[in-house]
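Trainee:
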Amino acid sequence: MTVMPSTAEAASRSAPRGARRAALAYWISTGLVCAVMVFSVLSFTFYDHFPFPNGKEGAFVHLGLPPYFKVELTIAKALGVLALLVPGVPRKIREFAYFGFGLTLLSAAIAHFSVGDARLLSPLYVIDPLLFLGCLTVSYAGFLRGAPEAFRGPPAQPGVGSNGAATVRSVRVARPAPPSEAAPR
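Quick note on numbering: the sequence shown equals residues 0 to 184 in numbering that gives the first Met the number 0.
Rendered as structure tokens:
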């Protein structure tokens with residue numbers, strides 16, 4: 000019994016090796032960035048009232064940010080994750096999401112550095128956002144090269160299936176006219 004490959008498997012085999020690697024780098028970096036953003040949305044929503052490691056206040060108060068900014072940032076990050084992961088989102092919307100995430104990560108590093116977290120608590124508070132900014136840069140470079148579409152394979156040809164076999168299309172066959180009685184023999 001032979002097993003036919005799925006459409007995704009056939010398409011990934013038909014894509015050049017470099018395109019598959021670029022697509023893999025794109026999806027890993029995009030997944031990491033989206034996981035970090037989802038984690039921050041959850042922590043802003045449910046856990047920000049717990050004290051920061053200095054024991055006094057939540058992260059937003061520690062950084063000197065107003066409370067309403069937490070709501071705006073939470074909504075924007077959730078929408079940005081959806082824009083990057085949901086297929087069919089217009090290109091401009093995805094670019095806005097990349098810009099917003101880049102601005103957020105750069106601002107997080109600057110905010111933690113300016114309140115002295117690199118000295119007092121740990122340099123990771125400044126380094127982590129910059130590392131994820133690097134992941135975001137890899138993801139955006141892959142997005143510009145078209146990596147999300149690399150696993151889709153070449154466009155379908157009419158009459159050929161995803162595994163290269165010919166497909167059967169219904170064709171209307173003209174039936175011959177019945178012989179008439181008046182026709183000479």
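All C-beta atoms in this analysis are idealised placements derived from N, C-alpha and C, irrespective of residue type, glycine included. Just so you know, these numbers come straight off a predicted model, no measurement behind them.
Quick one: what does DSSP say residue 118 is sitting in, helix, strand or coil?
Mentor: Within the sequence shown, residue 118 is the residue found at index 119, counting from 1. Three-state result, residue 118: helix.
Trainee: Among the candidates 175, 145, 137, whose CA atom is the shortest distance from the CA of residue 29?
Mentor: Counting from 1 along the sequence shown, the entry for residue 29 is found at position 30. The shortest Cα separation from residue 29 among 175, 145, 137 belongs to 137.
Trainee: According to the Cβ coordinates, are residue 18 and residue 141 closer than 8 angstroms?
Mentor: The residue you call residue 18 lines up with position 19 of the sequence shown. The residue you call residue 141 lines up with position 142 of the sequence shown. No, they are not a contact pair.
Trainee: When DSSP labels each residue in this structure, what does residue 227 get in the three-state scheme?
Mentor: Absent from the model: residue 227. The displayed extent of the chain is 0 to 184, so no value can be given.
Trainee: Considering just the uninterrupted stretch of the alpha helix (DSSP H) at residue 88, what are its terminal residues?
Mentor: Translated into the one-based positions of the sequence shown, residue 88 becomes position 89. Taken as a continuous stretch (DSSP letters only), residue 88 belongs to no alpha helix (DSSP H), as it is neither H nor E.
Trainee: Quick check: the Cα distance between residue 43 and residue 110, rounded to an integer number of angstroms?
Mentor: To locate residue 43, count along the sequence shown from 1; it is residue 44. To locate residue 110, count along the sequence shown from 1; it is residue 111. Each residue's Cα considered, the two are about 16 angstroms apart.
Trainee: In the structure shown, what three-state DSSP assignment does residue 15 receive?
Mentor: For this step, residue 15 is matched to residue 16 along the sequence shown. In the structure shown, residue 15 sits in coil (DSSP, three-state: anything other than H, G, I, E or B).
Trainee: For residue 85, which residues from the same chain have a beta carbon less than 8 angstroms from its beta carbon, with the 5 sequence-adjacent residues on both sides left out?
Mentor: Within the sequence shown, numbered from 1, the residue matching residue 85 stands at position 86. Excluding residues within five positions, none has a Cβ falling inside 8 angstroms.
Trainee: By DSSP, does residue 145 sit in helix, in strand, or in coil?
Mentor: Counting from 1 along the sequence shown, the entry for residue 145 is found at position 146. In the structure shown, residue 145 sits in coil (DSSP, three-state: anything other than H, G, I, E or B).
Trainee: Answer yes or no: do residue 125 and residue 108 have a C-beta to C-beta separation smaller than 8 angstroms?
Mentor: Locating residue 125 in the sequence shown gives position 126, counting from the first residue. Locating residue 108 in the sequence shown gives position 109, counting from the first residue. It is a contact, given that the beta carbons lie within the stated cut-off.
Trainee: Compare the C-alpha of residue 197 against each of 36, 21, 58 and name the closest.
Mentor: Here the chain comprises residues numbered 0 to 184, so residue 197 is not present and cannot be evaluated.
Trainee: Assuming residue 82 and residue 40 make a contact with CB atoms under 8 angstroms, what is their CB distance in whole Å?
Mentor: Locating residue 82 in the sequence shown gives position 83, where the first residue counts as 1. Locating residue 40 in the sequence shown gives position 41, where the first residue counts as 1. That belief does not hold up - the Cβ atoms of residue 82 and residue 40 are roughly 14 angstroms apart, past 8 angstroms.
Trainee: Taking residue 135 as the reference, give the member of 177, 106, 89, 97 with the closest Cα.
Mentor: Here residue 135 refers to the residue found at position 136 when the sequence shown is read from its first residue. Cα-wise, what sits closest to residue 135 is 97.
Trainee: Output yes or no for whether 8 angstroms exceeds the beta carbon distance between residue 131 and residue 105.
Mentor: Here residue 131 is taken as the residue at index 132 of the sequence shown, counted from 1. Here residue 105 is taken as the residue at index 106 of the sequence shown, counted from 1. Cβ distance not < 8 angstroms, so residue 131 and residue 105 don't count as in contact.
Trainee: Starting from the Cα of residue 58, find the closest Cα among 114, 88, 99, 139 and give me that residue.
Mentor: As a position in the sequence shown, residue 58 is number 59, starting the count at 1. Minimum Cα distance to residue 58 is reached at 114.
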